[in-house]
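For reference, each letter of the sequence shown is one residue, going 422 to 1092 in the working numbering.
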Amino acid sequence: MTTAPGSRRSAAAGAALLDRLLAGPLPPAYALLHRPESGTPGTVDVLLGDVTHPATLAGLPLPDQGAEPPAATAHRTLLVVPYRQLTERGFAAPDDGAPLIAMNVTEQAAVPLDDTLARLPDTPAALTGHRFDLSDEEYADVVRRVVTGEIGTGEGANFVIKRTLLADVGDDPARAALTVFRRLIALEPSAYWTFAIHADGRTFVGATPERHLSVHEGRAVMNPISGTYRYPAGGPTLDGLTAFLRDRKETDELYMVLDEELKMMSRICPAGGRVTGPALKEMARLAHTEYFIEGHTTRDIRDVLRETLFAPTVTGSPLESAARVIARHEPHGRGYYSGIAALVSDEPTGSRNLDSAILIRTADIADDGRLALSVGATLVRHSSPEGEAAETRAKAAALLDALGADGTADTAADPARTPATAAADAAPAAEPGAAGTAPRPPGFADHPAVRDVLRGRNTGIADFWLAATAARPLTVPALEGMKVLVVDAEDTFTAMMVQQLEALGPTAEVRRFDEPYAVDGFDLVVMGPGPGDPRATADPKIAALDTAVAGLLRDRTPFLAVCLSHQVLSLRLGLDLVRRDRPNQGVQRAIDLFGRREHVGYYNTFAAVSPADALDVPGVGRVRVSRDPATGQIDALRGPHFASYQFHAESVLTVEGPRLIGDALLGAIGR
C-alpha cells in the first residue's frame, strides 16, 4: 500500500513502514531523521520518496499547498544542498559536479525512537584504510598559509578549511550506514539532527550539532556555534571547561560568527534578528558554545535558503571573501561538506515551514563502500596550526566510534590547549561510558559556574542585538525622515548597518560598489566596509571606492566611511596606510574617541596613521583625528561634512554602536 504524498501514519503503521524499508533491498531514496529539538519528541522521521536534481534552489519545484491544509504536519521535500550551490549567490565555488538533491516525499511516518533502535542493525562496519587526505603536518602548513597569506593580508577575519578522512566500509555500505545512524543516536544525544539519507547511490550519515536555519510560522532562527573544548582522555572537567569558556580565542570565534549570522538575519528579516544565549552544547568528545538569533520573515522558503548559503561557522567571514579563499585552498571542491540538509513541511495552520541542519560531522558513503568524512577548523589570527589539526581529529572521533574504529583524538599532546586548560583538566574527570562508547558529558551546561561565565560574555557587547534589552527607543529627531544610501564593498555588515540606521529614524537603501547608483536624492551616504588591501589602488573595488569618496568630498555630500572605506578616505586625504603587525580581526578595544571612552569592535589588517590630532587638507578643510598616541593608528576622523570609523559600530563588539552612528551622521550634517 502506498500512502498519499504527505500523509502521516500511526505508530503501528509507521513501524510497518520501517520494517518494509529494512526487510528487502533498500529503496533507492529514503531518509531516517532524528530531530530532538525540532521534530516530534522521541521519534524518528522515516521518509521515502522520488529524487530529482533541480539546477537551483530558486528553481526548486515545491508541491502546491492546496486549498485545505493537512490534518497533521506533512513533510513535502527533503533537500541535500552541495557547497557548489553557493554560485547561486554569485560567489566563487569550484564546480565538482555534486548535484542538488531533492527528494519528493511519497511516504512518511514518525516512528517511536525505541522502536526504531530495536529494528536497526548493529553490526560493526569492516572499516579499513582510514587516513586523512592531508597529514597533520600538511594541514598545519595550510593553516599557516591561510593565517599569513589571507587573514594577514586583509582578506577576512576567519576562514574554515577542511581536510577529509578517507576509508572503506566493506561490502554492505548502506546497512553499515544504518548501524552508524543507530550508534550516533546513543553517542550524540545533543546533536541537532542525527540522520541517514540515501539517494543517488550514496548515503549521508551523521550527527550534526548545528542548525542552519529554521522557519516556523514565520519565526526564523539561526544558531551560530563556535569555540571548541576538546575533552581530555579521561573526559571533561569543570575546571577545564571554565578555562575554555574564559579563553579569549574561543570567545572571539563565537562573536565573529555571531556577527556574520546577524548579517544574514538582517537580510532575510525586515526587523533583523535578536540574540539569546550564549549556551553550552555538549557533545560526546567535545563541547561548543552557541547563540540563537531569532527574527520574523515572510519570504519564500527557497529565498531564505539561498540567501543563507552558507553558514560562516563552516566557511568564514566576510562570506564573499571566504568563498574566494576556500576556492584557492580547496580547488577540488567540497562536495556536500558545509552544505545543508533541509526538510520542507506543511502545517495544519496553513504555513509552510523549514527545518535545516549543516552538513558537518557527516560521512558520505558511496555504494561501493568508499567513505569520505570532511572536517574543518575555524582559522583566526592567533590559530595554532598544530592545534587546529588536533581539532579536526576530535571532530571526526564520534563518527569513527560509531563505525567501530578508534576515534580517540590525541588531546593530551595538543599544543593548542592553553596551560590553564591543560592544568585544569588534570582534575578528576567524568566517568567513562560503557565499553565501546565515548565518555558521556556530565551535564556541565547547567552548572552555576558555567552559567555565570557564559552570562558574563554579554556584559561587554552591544545591547542593540540582545533580545533582553533591544526594545529601548533610539530615534534621533534630527535624523528622522532622512534617506541614507549605503554602499556595500563586499561585506554585508551593511545589512546590520541598515537595521541600526533605521532604528535611529532614517530610511536606508543598499547598493553594491560595482552596480550603478547615484547619490542624488539621498541626504547622507555611508561608505561600507569590505575585505582587501586599500593600498592596491589599481584593484577595481578600491578604485571604485576611491572614485566615490572623491566625488563625495568634491560635492561636499554628508557621509560616513567605515573600515575599508575609512582607509580609502584616509589615503585620499594624504594620510599613510600601514599593514598592522598583527591583524585586528574580531577584536574589541577600549579607545578614547574624541575625549570619550568607548568599547568598539575591529576587523582590520590595515590602518591609517597620523602624527597629529588634526590636519588641514587643501580643498577639504580641517580634519580632526582620533588616534592611538603610541602608534599613531587612526580610530576615527571628523571633517567639515564627513566622519569615518576604522571600527565597526554595527558589530556586536561595539557596545554603543547606534549612538556612535548617530553622532557621526549628526556631525556630517552639521548638527
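Note that the Cβ used here is the ideal one computed from N, Cα and C, for glycine as well.
- Sort out for me which residues DSSP pairs Asn644 with in a bridge. In the DSSP output, where bridge partners are listed per residue, Asn644 has none listed.
- Task: Kindly identify the DSSP beta-bridge partner or partners of Asn879.
- Result: Looking at the DSSP assignment, Asn879 forms no beta bridge with any residue, so it has no partner.
- Message: Would you say the beta carbon of Ala595 is closer than 7 Å to some non-hydrogen atom of the ligand COA?
- Response: As for the ligand COA, it is missing from this structure, which has no ligand bound.
- Query: Could you give the distance in angstroms between the alpha-carbon of Pro1039 and the alpha-carbon of Gly577?
  - Reply: In this structure, the CA atom of Pro1039 is about 34 Å from the CA atom of Gly577.
- Query: On the three-pair Cβ rule with 8 Å, is the segment 865-872 touching the segment 938-946?
  - Reply: Contact between the segment 865-872 and the segment 938-946 is absent, because fewer than three Cβ pairs lie under 8 Å.
- Task: Just tell me which of Val1076, Cys984, Thr734 has its CA closest to the CA of Gly575.
- Result: Answer by Cα proximity: Cys984.
- How is Val601 classed by DSSP in three states: helix, strand or coil? Looking at Val601 - three-state DSSP - the assignment turns out to be helix.
- Query: With distances taken between CB atoms, is the gap from Val581 to Val532 smaller than 8 Å?
  - Reply: Contact flag unset, no.
- Query: From Pro733 to Val642, what distance separates their C-alpha atoms?
  - Reply: Rounded to whole angstroms, Pro733 and Val642 show a C-alpha spacing of 15 Å.
- Query: Is the beta carbon of Gly790 less than 8 Å from the beta carbon of Pro594?
  - Reply: It is a contact, given that the beta carbons lie within the stated cut-off.
- Query: Just to confirm, are Ser804 and Val563 a CB contact at a threshold of 8 Å?
  - Reply: Val563 sits away from Ser804, with the two beta carbons spaced by 8 Å or more.
- Message: Within a Cβ cutoff of 6 Å, which residues of the same chain sit near Val678, ignoring the five residues on either side of it in sequence?
- Response: Correct list, in chain order: Pro645, Ser647, Pro733, Thr734.
- Item | Same chain, Cβ closer than 6 Å to Ser795, five either side skipped, listed in chain order | For Ser795, where only same-chain residues beyond five positions count, the Cβ hits under 6 Å are Lys583, Thr585, Tyr758.
- N-terminal and C-terminal residue of the alpha helix (DSSP H) that Leu740 is part of: 740-750 is the extent of the alpha helix (DSSP H) around Leu740.
- How would you call Lys702, buried or exposed, if buried means at least 16 neighbouring beta carbons within 10 angstroms? By the Cβ neighbour-count rule, Lys702 is buried, with 16 or more other Cβ atoms within 10 Å of its own.
- Query: Where Ala969 and Gly511 are concerned, what is the direct C-alpha to C-alpha distance, given to the nearest angstrom?
  - Reply: Distance between Ala969 and Gly511, taken at the CA atoms: about 23 Å.
- Contained alpha helix (DSSP H) runs [length at least 4] in the segment 899-943, N- to C-terminal order: Qualifying alpha helix (DSSP H) stretches, in chain order: 914-925.
- For the alpha helix (DSSP H) that Gln988 lies in, which residues bound it at each end? For Gln988, the enclosing alpha helix (DSSP H) begins and ends at 985-993.
- Can you give the beta carbon distance from Tyr1023 to Val1008, rounded, assuming they're within the 8 Å contact cut? Contact flag correct, Cβ pair sits at about 5 Å.
- Item | Straight-line Cα distance separating Arg749 from Leu1074 | Taking the straight line from one Cα to the other gives about 30 Å.
- Message: Less than 8 Å between C-beta atoms, sequence neighbours within five positions excluded: which residues of the same chain meet that for Pro475?
- Response: Taken in chain order, the residues that qualify are Leu481, Pro482, Leu521, Ala523.
- Item | Span separating the alpha-carbon of Ile1090 from that of Gly694 | Each residue's alpha carbon lies about 29 Å from the other.
- Item | Own chain residues within Cβ distance below 7 Å of Phe885, not counting five before or after | Excluding sequence positions up to five before and after Phe885, its CB lies within less than 7 Å of the CB of Ala891, Gln921, Gly1078, Pro1079, all in the same chain and listed in chain order.
- Look up Pro533 in the DSSP assignment and give the residues it is bridged to. By DSSP's assignment, Pro533 forms a beta bridge with Thr464.
- Coarse secondary structure for Tyr1023, derived from DSSP in three states: The answer is strand: DSSP assigns Tyr1023 an E or B state.
- Message: Quick check on Met677: does DSSP put it in helix, strand or coil?
- Response: Here Met677 carries a helix assignment [DSSP, helix/strand/coil].
- Query: Sorted by chain position, which residues of the same chain lie with C-beta nearer than 7 Å to Met451's C-beta, five sequence neighbours on each side aside?
  - Reply: Looking at the sequence provided, one finds Tyr at residue 451 rather than Met. Contacts found: Leu442, Leu468, Leu469, His619.
- Message: Give me, in chain order, the residues of the same chain whose beta-carbon lies closer than 6 Å to that of Leu634; leave out the 5 immediate sequence neighbours on both sides.
- Response: So the qualifying residues of the chain are Met643, Thr729, Ser777.
- Does DSSP put Leu945 in a helix, a strand or coil? Of the three classes helix, strand and coil, the one that applies to Leu945 here is strand, per DSSP.
- Task: Measure how close the beta-carbons of Asn525 and Asp471 come, nearest whole angstrom, since I'm counting them as under 8 Å.
- Result: A Cβ-Cβ separation of about 5 Å places Asn525 in contact with Asp471 under the 8 Å criterion.
- Sheet register partners of Gly550 (DSSP bridge): Among the bridge pairs identified by DSSP, Gly550 is matched with none.
- Using beta-carbon positions only, say whether Leu1014 and Asp1049 come within less than 8 Å of one another. For Leu1014 and Asp1049, no; Cβs fall outside 8 Å.
- Query: Under three-state DSSP, which class holds Pro1004?
  - Reply: Here Pro1004 sits in strand by DSSP.
- Measuring alpha carbon to alpha carbon, tell me which of Ser991, Ala959, Asp960 ends up nearest Leu974. Sorting Ser991, Ala959, Asp960 by C-alpha distance to the C-alpha of Leu974 places Ser991 at the top.
- Distance, Cα to Cα, Gln670 vs Tyr560? Note that residue 670 is Lys in the sequence shown here, rather than Gln. Straight-line Cα distance between these residues: approximately 20 Å.
- Query: From His753 to Thr624, what distance separates their C-alpha atoms?
  - Reply: Those two C-alpha atoms are separated by around 21 Å.
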